[in-house]
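K.L.:
My questions will all concern the structure given below.
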Amino acid sequence: GAAVLQARNPRLVIVRVSGWGQDGPYRDRPGFGTLVESMSGYAARTGFAQARTRLGDLLAQRGETERGAAEYEMAIRSRSADPEPYSRLAALHLAKGRINEAEFALANALRIDPDFADAHNNLARLLAARGDLAGALNAVRKAAALDQDNAEISLNLGRLLYMQGNHRAAIAQFERLVK
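In this note's numbering, the protein residues as written are 1216 to 1394.
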């Protein structure tokens, strides 16, 4: 380790870098620039909304959906002309069954950027939750046309085709993904 290297060369400078420090409650957590900026409050002072959106993503993936939603809302307040945090917030609302809140967030995302593929994909999920499979298919097809390489959109399209009873088209969609 470091002691052996320093014994061999006393002039050697050894540096150890950690996003959260060598001890303390977060010492074992991964740390990188945007996450540290968000947690430290630096992003709020500089208006770095993308960092807040990424932190919201990480928190949502860890199951901390309420904290994730709060980060998306902070991103929206600091940079309201970005559709991404609205769309991500809508996805969290959908996961919690809060359809009206999801619809409001998606309306804002699509008002800002009518061609934002992620918002159309989330709109498809919302319409499917309401039982409007035809509307959901239209929305996910628009998302797929806007972002042809997005695997999540492609999976959603396959799922909706299957739900509609178009099993052959669903299988073909899934086969395209695995090739």
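Just so you know, even glycine gets a beta-carbon here, dropped at the ideal spot from N, CA and C.
Taking DSSP as the reference, what is the three-state secondary structure of VAL1393?
P.N.:
helix
K.L.:
Tell me whether GLU1390 is buried or exposed, calling it buried when 16 or more other Cβ atoms sit within 10 Å of its Cβ.
P.N.:
exposed
K.L.:
THR1268 and PRO1298 look like a contact to me (Cβ under 8 angstroms); what is the Cβ gap, rounded to whole Å?
P.N.:
With a Cβ gap of about 11 angstroms, THR1268 and PRO1298 do not count as contacting.
K.L.:
Just how far apart, CA to CA, sit ILE1291 and ASN1224?
P.N.:
ILE1291 and ASN1224: Cα-Cα distance of roughly 52 angstroms.
K.L.:
Which value, in whole angstroms, describes the spacing of the CA atoms of LYS1394 and GLN1388?
P.N.:
10 angstroms
K.L.:
So, with DSSP's three-state summary, where would you put ALA1358?
P.N.:
helix
K.L.:
Leaving out five residues on either side along the sequence, give the residues of the same chain with a beta carbon under 7 angstroms from the beta carbon of LEU1348.
P.N.:
LEU1375, MET1378, GLN1379
K.L.:
Among the residues of its own chain, which have a CB less than 6 angstroms from the CB of TYR1287, if the five just before and after it don't count?
P.N.:
GLY1271, PRO1300, ARG1303, LEU1304
K.L.:
Select from ILE1314, LEU1321, GLY1236, HIS1382 the residue whose C-alpha is nearest the C-alpha of ALA1344.
P.N.:
ILE1314
K.L.:
Take the Cβ of ASP1364 as the centre, count every other Cβ of all protein chains shown within 10 Å, and call the residue buried at 16 or more, exposed below.
P.N.:
exposed
K.L.:
Do ASN1336 and ILE1368 come within 8 angstroms of each other at the CB atom, strictly closer than that value?
P.N.:
yes
K.L.:
Would you mind giving the Cβ-Cβ distance between ARG1244 and GLY1236, rounded to the nearest angstrom? I have them listed as a contact below 8 angstroms.
P.N.:
Rounded, the Cβ-Cβ distance is 10 angstroms, inconsistent with contact.
K.L.:
I'd like to know whether the C-beta atoms of LEU1321 and LEU1341 end up nearer to each other than 8 angstroms.
P.N.:
In this structure, the beta-carbon distance from LEU1321 to LEU1341 falls below 8 angstroms.
K.L.:
Label LEU1227 either buried or exposed according to how many other C-beta atoms from any shown protein chain fall within 10 Å of its C-beta, with 16 as the threshold for buried.
P.N.:
Burial call: exposed.
K.L.:
With respect to the alpha helix (DSSP H) encompassing ARG1303, which residues constitute its N-terminal and C-terminal limits?
P.N.:
DSSP places ARG1303 in the uninterrupted alpha helix (DSSP H) bounded by 1298-1310.
K.L.:
Taking only three categories from DSSP, how would you classify ILE1229?
P.N.:
coil
K.L.:
Measure the alpha-carbon distance for SER1233 versus GLY1239 and round it to whole angstroms.
P.N.:
12 angstroms
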